[in-house]
Amino acid sequence: MMHDVIVVGGSYAGMAAALQLLRARRDVKVIDAGQRRNRFADYSHGFLGQDGVSAAEIASNARRQLEAYPTLTWVDGRAITVSGERDKFAVTTADGQLHQGKRLLFATGLADQLPQIPGLAERWGKAVFHCPYCHGYELDQGKIGVIAAGPMSSHQAEIVSDWGPVTFLTNGAVELDAPALQALEGRNVQIEAAPIDHIDGAADVVLADGRRLQFAGLFTAPFCVPASSLAEEAGCALEETMMGIQIRTDEAKQTSIAGISACGDVARMPHSVTLAVADGAWAGAQIHRSLLWPDA
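In numbering that gives the first Met the number 0, the protein residues as written are 0 to 295.
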C-alpha cells in the first residue's frame, strides 16, 4: 500500500505533523520506536495547557487522539532502512516489513551526549537538566550547579542564574577568558575549577579534592546528535549548530533530498516540547502543500 506520508518518529513533533495531515484526510503511517527524548523526565513543564503533566501521559493522550482518525496506521517498531525517491519511498522496519509512501518525514529526535561523570547519566531528567525553562522553577530558588560541557556552558550559567544562586563547575571543559569571567561575575555566578569526581545523593557534586557541594539541581549543555542515522543514510545534509548536529532543512522543513522533510529537535534549535510541536505542525502543513502542488 502506498501511503501519502510516512512519519518516522512518533513523539511530539512527529505526532503534531501527523495530526495536520490526518485532518486533511491524508493517509499517514507513523513508525515509532518508543524512544522519546524526554523519556527520562517524569513531568513536562512550560508546555501551555499541559504544565506539570506527566511527559508519558502527554504522549499517550496525543497518540489516542491521532488513533481516532481512520486514515492513520501506527507501527510500533524501529525503521532500519530507507530507499527510493519522491512519490515512491520505501522504509523497512526491524521486523522485515516494507512500508511505502509518497513523502517521508523524519521526526527521530536527538540523543544527548552527556559529560562522562559518574552518577550524572543516572540523574538525567531527574536532578540533572538542560533547559531551565522546563525545570528551573521547581528548584524553588535553591542552589544550582552548572556543569561545563563546552563553549556554550558559561552562557548557560548566566541564564540559569535567574532561577537561583549558581556555581559554575568548569571541570576542565572550558577556559574562561576575561569577557566570560566578567559576564559571570555580573550575574553573581561562583566559579569552581576543581575537577568533579562523581555525582552523589540527590544532586551533590563530589570534587576530586574530596569536597562535597550540595545543590537543589544541576544543569549541563550536552552535545546533541541525531538519534537515528537514517536521514544521513538517505542522503540528507546535516549541519552543526552551537548545540550539536541536526538535519538541515529550509523554511518549509524540506531536507536536501526531494520529498523528505524533517522536524522537531532533530531539525531545529533550541529544543523544547512546545517548539517541537509547533515545528511538527508546520512541517505537516507544508507536506500537505507539497502533495497538492508537487511542482511548487
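From the three backbone atoms N, C-alpha and C, an ideal C-beta is built for every residue, glycine too.
Given residue i as reference, the closest of the options once Cα atoms are compared
{"i": "Ala207", "options": "Gly171, Val90, Leu237 and Val7", "result": "Gly171"}
{"i": "Leu273", "options": "Cys130, Arg24, Ala177 and Phe214", "result": "Per the sequence shown, the amino acid found at residue 273 is Thr instead of Leu. Comparing Cα-Cα distances from Thr273 to each of Cys130, Arg24, Ala177 and Phe214, the minimum goes to Cys130."}
{"i": "Val74", "options": "Asp249, Ile30 and Gln99", "result": "Ile30"}
{"i": "Arg85", "options": "Thr72, Leu71, Lys101 and Leu212", "result": "Lys101"}
{"i": "Leu217", "options": "Val205, Ser227 and Ala226", "result": "Val205"}
{"i": "Met241", "options": "Phe214, Ala280, Ser153 and Arg211", "result": "Ser153"}
{"i": "Thr80", "options": "Arg267, Lys252, Leu229 and Asn37", "result": "Leu229"}
{"i": "Gly144", "options": "Pro150, Gln155 and Met151", "result": "Gln155"}
{"i": "Gly234", "options": "Val165, Val52, Val127 and Ile259", "result": "Ile259"}
{"i": "Ile190", "options": "Ala147, Asp161 and Ser227", "result": "Ala147"}
{"i": "Gly13", "options": "Phe128, Ala266, Gln181 and Thr219", "result": "Ala266"}
{"i": "Leu183", "options": "Leu168, Gln34 and Arg36", "result": "Leu168"}
Buried versus exposed, by CB contacts within 10 Å (16 or more), residue i
{"i": "Gln285", "result": "buried"}
{"i": "Asp3", "result": "buried"}
{"i": "Asn187", "result": "exposed"}
{"i": "Thr107", "result": "buried"}
{"i": "Gly8", "result": "buried"}
{"i": "Leu97", "result": "exposed"}
{"i": "Leu291", "result": "exposed"}
{"i": "Asp176", "result": "exposed"}
{"i": "Ala220", "result": "buried"}
{"i": "Asn37", "result": "buried"}
{"i": "Pro114", "result": "buried"}
{"i": "Gly263", "result": "buried"}
{"i": "Ser10", "result": "buried"}
{"i": "His270", "result": "buried"}
Close beta carbons around residue i, own chain, < 6 Å, minus the five adjacent residues each side
{"i": "Ile244", "result": "Val224 and Leu237"}
{"i": "Arg77", "result": "Ala32 and Ala93"}
{"i": "Gly141", "result": "Gly163 and Ala215"}
{"i": "Ala110", "result": "Val224 and Ala226"}
Close-in-space but distant-in-sequence residues of the same chain around residue i (CB under 7 Å, 5 per side omitted)
{"i": "Ala15", "result": "Val276, Gly279, Ala280 and Gly283"}
{"i": "Ala192", "result": "Thr169"}
{"i": "Ala179", "result": "Ser153"}
Any C-beta of chain D under 9 Å from that of residue i
{"i": "Thr80", "result": "No chain D is part of this structure, which consists of one protein chain only."}
Spatial neighbours of residue i in its chain, beta-carbon cut-off 8 Å, leaving aside the 5 residues before and after
{"i": "Phe88", "result": "Ile5, Val81, Ser82, Gln99, Gly100, Lys101, Arg102, Leu103, Gly258 and Ile259"}
{"i": "Thr166", "result": "Lys142, Ile143, Gly144, Val145, Val188, Gln189, Ile190, Glu191, Leu212 and Phe214"}
Legend entry - Within the segment 74-136, ranges of the alpha helix (DSSP H) (whole runs, at least 4 residues): 131-134
Inset, instruction - Please determine if the segment 40-49 and the segment 132-140 are in contact, where contact requires at least 3 C-beta pairs separated by less than 8 Å. - result: yes
Inset, instruction - Quick one: which unbroken beta strand (DSSP E) runs of 3-plus residues sit fully inside the segment 240-280? Chain order, please. - result: The qualifying runs are 243-246 and 259-261.
Legend entry - Complete runs of the alpha helix (DSSP H) confined to the segment 133-209 [at least 4 residues]: With a minimum length of 4 residues, the unbroken runs of alpha helix (DSSP H) contained wholly in the segment 133-209 fall at 152-159 and 177-185.
Inset, instruction - Taking only runs that begin and end inside the segment 15-85, name each unbroken beta strand (DSSP E) of 3 or more residues, in chain order. - result: 27-31, 71-75 and 78-84
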